[in-house]
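Residue numbers (our numbering), protein chains in the order written: chain A, 76 to 273; chain B, 76 to 273. What follows is a short report on a single structure.
2 protein chains.
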Amino acid sequence: MTAKRANYHHGDLRAGLVEATRQLVEEKGPDRFSVSDACRAAGVSTAAPYRHFGDRDEMLVAVCSDGMERFHALMTDAVAGKTPGSMEAIHHLGMAYIKFATTEPGVFRLSFGIAREHEKEAEMIERGKQNYGILLTQVAAHYGKSMIDEHVLDRAFALWTMVHGLSFLLIDEKITAMDLQIDIEAMVRDNTRRLLAE
Amino acid sequence: MTAKRANYHHGDLRAGLVEATRQLVEEKGPDRFSVSDACRAAGVSTAAPYRHFGDRDEMLVAVCSDGMERFHALMTDAVAGKTPGSMEAIHHLGMAYIKFATTEPGVFRLSFGIAREHEKEAEMIERGKQNYGILLTQVAAHYGKSMIDEHVLDRAFALWTMVHGLSFLLIDEKITAMDLQIDIEAMVRDNTRRLLAE
DNA sequence: TACATATGTTAGAGTCTCTAACTTTGGCAA
DNA sequence: TTGCCAAAGTTAGAGACTCTAACATATGTA
């Protein structure tokens with residue numbers, strides 16, 4: 076995998092390392108990832124990353140930050156063209172959440188479990204709020220409201236916990252371990268309806 | 076923290092290391108834990124653990140295994156003395172789940188995220204099924220059923236995803252990060268009711 | 001009481017993160 | 001065009017970590 080390169084300078088090592096790190100995080104998990112592995116993959120010395128990142132954690136934060144853009148795009152697309160507040164829109168939003176978790180389990184796990192107290196923390200919280208805002212808007216519309224009131228906040232949060240829990244159970248393979256046969260689509264649809272009832 | 080000891084032999088180093096590891100997992104998280112740290116805490120050389128554990132991962136598996144006993148006790152206690160299948164019993168069961176996650180976030184995270192393919196895997200899956208069985212029994216009783224049918228499996232699974240998701244959102248501090256004011260008790264109670272409706 | 005075994009220790013190989021000091025290269029000012 | 005500076009590489013190495021090998025010391029049982 077070690078990419079030999081002709082030039083002394085890499086071109087865009089930062090991006091190369093972020094991509095290598097992302098791949099390794101998916102292959103081995105966020106905790107098994109090593110800077111050295113990423114260097115081998117990018118074909119540079121083990122000291123090179125420190126021109127672009129303060130330390131190992133910053134590389135992971137960069138992968139996270141990168142992943143949140145894809146996540147946001149998925150969430151936005153999920154409701155695009157659908158009737159705001161419709162069961163269809165809200166169901167799709169939930170499925171998009173789960174889709175991201177299962178296609179990028181390493182990044183998903185990283186995004187939620189990442190160490191607090193880093194440089195980009197504020198920025199990432201802001202992005203999280205933006206994403207959550209998509210759900211809040213849909214739930215408000217579902218009840219024909221123009222305001223995000225207590226009721227909307229409660230129901231949106233319930234939906235979040237459900238898809239979040241389901242995502243983790245899926246990526247941690249608890250569903251197969253417990254020999255459960257779950258139709259994810261149906262499960263999300265039915266329980267979205269139940270949680271929005273009343 | 077380095078406990079000096081008088082004797083060459085420790086007495087019960089295995090248990091000492093498991094406890095040291097558990098503490099470190101809570102303090103620093105499962106990924107930040109190091110064998111060396113545990114050795115310092117237990118007051119032994121860094122080679123000592125290898126008389127009791129094959130490698131670093133086995134120490135974490137032991138902590139996990141240990142934690143599952145406490146978890147099982149919590150779950151059992153939660154429904155003890157309550158009317159089987161009552162909302163009270165099921166609500167308490169969910170709260171016990173969340174209680175474990177928030178009091179032992181490191182062990183909780185470890186238990187669900189632990190690497191597959193280890194010695195004790197089968198044993199731990201069995202214990203997981205036992206714990207899940209407590210919920211299944213309660214949900215069946217809720218509907219006045221003596222059998223665990225599709226309907227019971229579906230509803231129990233929905234409850235699991237909710238408390239599991241809530242647990243992760245709590246320990247990853249997403250609720251505070253998003254500035255949400257959630258009354259956990261009320262949230263669990265209300266949504267347990269909604270998910271069991273019909 | 002002796003000795004086998006379990007359970008410690010020390011020493012060290014190999015890996016990892018990160019820093020310091022040096023090298024190469026690209027871009028810009030004169 | 002040329003020369004120089006800053007950006008972005010490299011090598012070397014310190015210090016920490018995991019795990020193994022060889023050696024040391026207790027413990028329990030024949």
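We treat Cβ as the ideally placed atom computed from N, Cα and C, and that holds for glycine. Every value quoted in this text rests on a predicted model; they were computed, and no experiment measured them.
{"Item": "Residue interval of the alpha helix (DSSP H) (run including Lys174 (chain A))", "Value": "Met162 to Thr178"}
{"Item": "Contacts around Val227 (chain A), its chain only, beta-carbon distance under 7 Å, and the 5 residues preceding and following it disregarded", "Value": "Leu211, Val214, Ala215, Tyr218 and Lys220"}
{"Item": "Presumed contact (8 Å Cβ cut-off) between Lys249 (chain A) and Phe187 (chain B), rounded CB distance", "Value": "7 Å"}
{"Item": "Euclidean distance between Cα positions of Arg202 (chain A) and Arg184 (chain B)", "Value": "24 Å"}
{"Item": "Residues of its chain near His147 (chain A), where Cβ-Cβ distance is below 8 Å and the 5 sequence neighbours each way are ignored", "Value": "Arg202, Gln205 and Asn206"}
{"Item": "Within-8 Å CB hit, Ile209 (chain A) to chain B", "Value": "no"}
{"Item": "Proximity below 8 Å, CB of Leu92 (chain B) to CB of Met134 (chain B)", "Value": "yes"}
{"Item": "First through last residue of the alpha helix (DSSP H) which encompasses Thr151 (chain B)", "Value": "Arg131 to Val154"}
{"Item": "Under 8 Å by beta carbon: chain B residues contacting Asp106 (chain A)", "Value": "Pro105 and Asp106"}
{"Item": "Chain A contact for Thr77 (chain B) (CB, 8 Å cutoff)", "Value": "Residue confidence for Thr77 (chain B) is low, a pLDDT of 42 falling below 50, so the modelled location carries little weight and cannot support an answer."}
{"Item": "Cross-chain neighbours of Gly188 (chain B) in chain A, by beta carbon under 7 Å", "Value": "Asp247"}
{"Item": "Touch test, the stretch 253–261 of chain A against the stretch 238–257 of chain B, Cβ-Cβ under 8 Å, three pairs minimum", "Value": "no"}
{"Item": "Residue-level contact to chain B via CB, Ala148 (chain A), 8 Å cutoff", "Value": "no"}
{"Item": "Length of the line joining the Cα atoms of Ser120 (chain B) and Asp152 (chain A)", "Value": "56 Å"}
{"Item": "Ala272 (chain B) (DSSP reduced to helix, strand or coil)", "Value": "coil"}
{"Item": "Residues of the stretch 200–224 of chain B whose Cβ lies closer than 7 Å to any Cβ of chain A, in chain order", "Value": "Ile200, Gly203, Lys204 and Tyr207"}
{"Item": "Leu245 (chain B) vs Ala176 (chain B) beta-carbon contact at 8 Å", "Value": "yes"}
{"Item": "Assigned exposure category for Asn82 (chain B) - 16 Cβ within 10 Å defines buried", "Value": "exposed"}
{"Item": "CB contact check: Glu260 (chain A) to chain B, cutoff 8 Å", "Value": "no"}
{"Item": "Ser109 (chain B) - containing alpha helix (DSSP H), residue span", "Value": "Note, Ser109 (chain B): premise wrong, no alpha helix (DSSP H); not H, not E."}
{"Item": "Under 8 Å between C-beta atoms of Val136 (chain B) and His85 (chain B)", "Value": "no"}
{"Item": "Residues from the stretch 125–136 of chain A in contact with chain B, defined by Cβ distance under 7 Å", "Value": "none"}
{"Item": "Coil, strand or helix - Ile223 (chain A) by DSSP", "Value": "coil"}
{"Item": "Proximity test, Cβ basis, 8 Å: Thr178 (chain A) and chain B", "Value": "no"}
{"Item": "Short Cβ contact (8 Å threshold) for Glu179 (chain B) with Glu101 (chain B)", "Value": "yes"}
{"Item": "Met237 (chain A): contacting residues in chain B (beta-carbon distance under 8 Å)", "Value": "Ala233, Thr236, Met237 and Gly240"}
{"Item": "Separation of Ala116 (chain B) from Leu271 (chain B), as counted between CA atoms", "Value": "47 Å"}
{"Item": "Collapsed DSSP secondary structure at Leu241 (chain A) in the structure displayed", "Value": "helix"}
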